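Step one of this worksheet: look at the structure below.
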Amino acid sequence: MKKLLHKSLKPLAIFAFSVFVLSVPAYFLLVDWIWMKELDENNKLIAQRIENEFREQHLKNDQLAESITFWNELQPRSQIQFTNKPLKKDSVYTIKLQNPYTTQKSIDRFRALKTNIQINEQNYVLTIETNVEETEETVIYIAVLSLFFFLVLIVGFGLINRQVSKKVWTPFQDTLKKLKSFQLTNQSTIAFKKTDTLEFQELNNALDKLLKHSISSYKSQKEFTENASHELQTPLAIIKNKIDVLLQKEPLTERQFQLLEDINTTLTRVAHLNKNLLLLAKIENRQFEETQSFNSSEIIANSLEQLEGYCIEKHLSVQTKIEKDVILNGNKNLIEILFNNLIFNAIQHSHENGNISIALNKKQLKVSNSGIEKLNKETLFKRFAKTSAQSIGNGLGLSIVQQICISHSWAIHYEFSENEHIFKVQF
Numbered sequence: 000m001k002k003l004l005h006k007s008l009k010p011l012a013i014f015a016f017s018v019f020v021l022s023v024p025a026y027f028l029l030v031d032w033i034w035m036k037e038l039d040e041n042n043k044l045i046a047q048r049i050e051n052e053f054r055e056q057h058l059k060n061d062q063l064a065e066s067i068t069f070w071n072e073l074q075p076r077s078q079i080q081f082t083n084k085p086l087k088k089d090s091v092y093t094i095k096l097q098n099p100y101t102t103q104k105s106i107d108r109f110r111a112l113k114t115n116i117q118i119n120e121q122n123y124v125l126t127i128e129t130n131v132e133e134t135e136e137t138v139i140y141i142a143v144l145s146l147f148f149f150l151v152l153i154v155g156f157g158l159i160n161r162q163v164s165k166k167v168w169t170p171f172q173d174t175l176k177k178l179k180s181f182q183l184t185n186q187s188t189i190a191f192k193k194t195d196t197l198e199f200q201e202l203n204n205a206l207d208k209l210l211k212h213s214i215s216s217y218k219s220q221k222e223f224t225e226n227a228s229h230e231l232q233t234p235l236a237i238i239k240n241k242i243d244v245l246l247q248k249e250p251l252t253e254r255q256f257q258l259l260e261d262i263n264t265t266l267t268r269v270a271h272l273n274k275n276l277l278l279l280a281k282i283e284n285r286q287f288e289e290t291q292s293f294n295s296s297e298i299i300a301n302s303l304e305q306l307e308g309y310c311i312e313k314h315l316s317v318q319t320k321i322e323k324d325v326i327l328n329g330n331k332n333l334i335e336i337l338f339n340n341l342i343f344n345a346i347q348h349s350h351e352n353g354n355i356s357i358a359l360n361k362k363q364l365k366v367s368n369s370g371i372e373k374l375n376k377e378t379l380f381k382r383f384a385k386t387s388a389q390s391i392g393n394g395l396g397l398s399i400v401q402q403i404c405i406s407h408s409w410a411i412h413y414e415f416s417e418n419e420h421i422f423k424v425q426f
């Protein structure tokens, strides 16, 4: 996970670097254009100076011709040539030639000017070729300097942004810290600090409203589960007790006895269903917050002992691979329910003379049983979902298992492999 500061700084740095990269050729073109313009102006001034110098000498034509010939020999990249057809306009161009002033064989650029001059009322074409001092080095220096200031800008912006962010984000960090330590079971809201930042104050107001609503809903649900536990369990227990009295004391016909047995069985299922629904509500409402360290190896051994009769009844072969002293942290009562439900689910969905395997270590609990077809993963952990046609339960066992895993931040997985249903709880 990246911090918000890094996420905001990264696109800015990328944009600045892109501008820097594009600026290098822009610098080159601009410097080259300015330099060429300056050379053109310089060549024109030189042409005017040469024309004026020859005029001021007041040479005769033969002397002028000798002087021009001598001048052309001294200036290899500049020439004065007599013409009967003067240029219509000055010609400015760039050529690449070997530099005659250097011993090294290098090709340089020259900025040239061809223009008309008049000496002794005769027309001449003056050609001036000036070496263009390469601008690459200048651009490199500019690029290096720009890169330096770019790095200074980015580092400086990052440091300033970090310092400013520490102060600006202090209210948010305080809010986040209080939210992390918030416990719904305490039934008390959070007192957020006042802040002069509009967005953070609006966030605190919205969170305060949300927390108050959540606490109110939690109280209502908790009261409902407590009332339901009392109002439903008590009448069911009374009815069941009276039916037991009738079965034991009153003379009944076989038909009456069978009806009362059916009613008694149904009441037992309803009581068990009510108990499981209340248990689910309490788990979801975080009413089992008490945690402790305990030996899960002993708990699963007790579960196997309690359910041994069901295994014998179905002639099941039970194989165990339980490490000694596997210590877990959590709510001990809920873990007992989780182990019992998974093992009972394996017993319930195993065919006669089937196999059950239970493995426990510090990383996971694995419960597998023989089966015929794969269960539907989409509905497996839903309430009242029948995992198979042979299922006789109320469809809440695996839902309770899943909620217990969620409350302990554990992961539960199901898979079907080699005619075996496999449930894994990863601690």
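For what it's worth, numbering that gives the first Met the number 0 labels the leading residue of the sequence shown as 0, then goes sequentially. All residues carry an ideal CB built from backbone N, CA and C; glycine is no exception. For clarity, every value in this text was computed on a predicted model and none was experimentally measured.
Please state the DSSP three-state secondary structure of residue i.
{"i": "H412", "result": "strand"}
{"i": "L327", "result": "strand"}
{"i": "N60", "result": "helix"}
{"i": "Q74", "result": "coil"}
{"i": "R382", "result": "coil"}
{"i": "T264", "result": "helix"}
{"i": "F147", "result": "helix"}
{"i": "I118", "result": "strand"}
{"i": "K88", "result": "coil"}
{"i": "N433", "result": "Outside the displayed range of the chain (0 to 426) lies residue 433, so it cannot be described from this structure."}
{"i": "L251", "result": "coil"}
{"i": "T93", "result": "strand"}
{"i": "K113", "result": "strand"}
Just confirm the distance between the C-beta atoms of residue i and residue j, as a whole number of angstroms; I'd bet it's less than 8 Å.
{"i": "A280", "j": "T224", "result": "5 Å"}
{"i": "L183", "j": "R285", "result": "6 Å"}
{"i": "Y123", "j": "A111", "result": "That belief does not hold up - the Cβ atoms of Y123 and A111 are roughly 16 Å apart, past 8 Å."}
{"i": "P85", "j": "N115", "result": "5 Å"}
{"i": "T290", "j": "N332", "result": "With a Cβ gap of about 11 Å, T290 and N332 do not count as contacting."}
{"i": "S349", "j": "N375", "result": "Going by Cβ atoms, the distance from S349 to N375 rounds to 18 Å, so no, they are not a contact pair."}
{"i": "I106", "j": "K95", "result": "5 Å"}
{"i": "I159", "j": "K177", "result": "Their Cβ separation, rounded to whole angstroms, is 28 Å, which puts I159 and K177 out of contact at 8 Å."}
{"i": "S77", "j": "E128", "result": "7 Å"}
Taking residue i as part of the alpha helix (DSSP H), name the residues at either end of that continuous run.
{"i": "E128", "result": "Run containing E128: none in the alpha helix (DSSP H); it sits in the beta strand (DSSP E), Q121 to N130."}
{"i": "I371", "result": "Here I371 belongs to no alpha helix (DSSP H), and DSSP marks it neither H nor E."}
{"i": "S406", "result": "G396 to S406"}
Along the chain, where does the beta strand (DSSP E) that runs through residue i open and close?
{"i": "E419", "result": "E419 to Q425"}
{"i": "K362", "result": "Counting along the chain, K362 falls outside any beta strand (DSSP E), and DSSP gives it neither H nor E."}
Between the region 45 to 59 and the region 115 to 128, do at least 3 Cβ pairs fall closer than 8 Å?
-> yes
Is the region 403 to 422 touching the region 354 to 372, taking contact as three or more C-beta pairs under 8 Å?
-> yes
Are the region 348 to 363 and the region 320 to 331 in contact at 8 Å, needing three or more beta carbon pairs?
-> yes
Should the region 25 to 37 be called in touch with the region 138 to 146, which here means at least 3 C-beta pairs below 8 Å?
-> yes
Should the region 337 to 344 be regarded as contacting the region 293 to 313, the criterion being three or more beta carbon pairs within less than 8 Å?
-> yes
Length at least 4, wholly inside the region 152 to 229: the alpha helix (DSSP H) runs in chain order = 169 to 179
Where are the alpha helix (DSSP H) runs, 4 residues long or more, that stay fully inside the region 264 to 334, in chain order?
-> 295 to 305 and 307 to 312
Inter-stretch contact (C-beta, 8 Å, three-pair minimum) for the region 69 to 82 and the region 147 to 155 | no
Using 8 Å as the Cβ pair cut-off and three pairs as the minimum, do the region 229 to 236 and the region 262 to 276 touch?
-> yes
Between the region 201 to 211 and the region 171 to 189, are three or more C-beta pairs nearer than 8 Å?
-> yes
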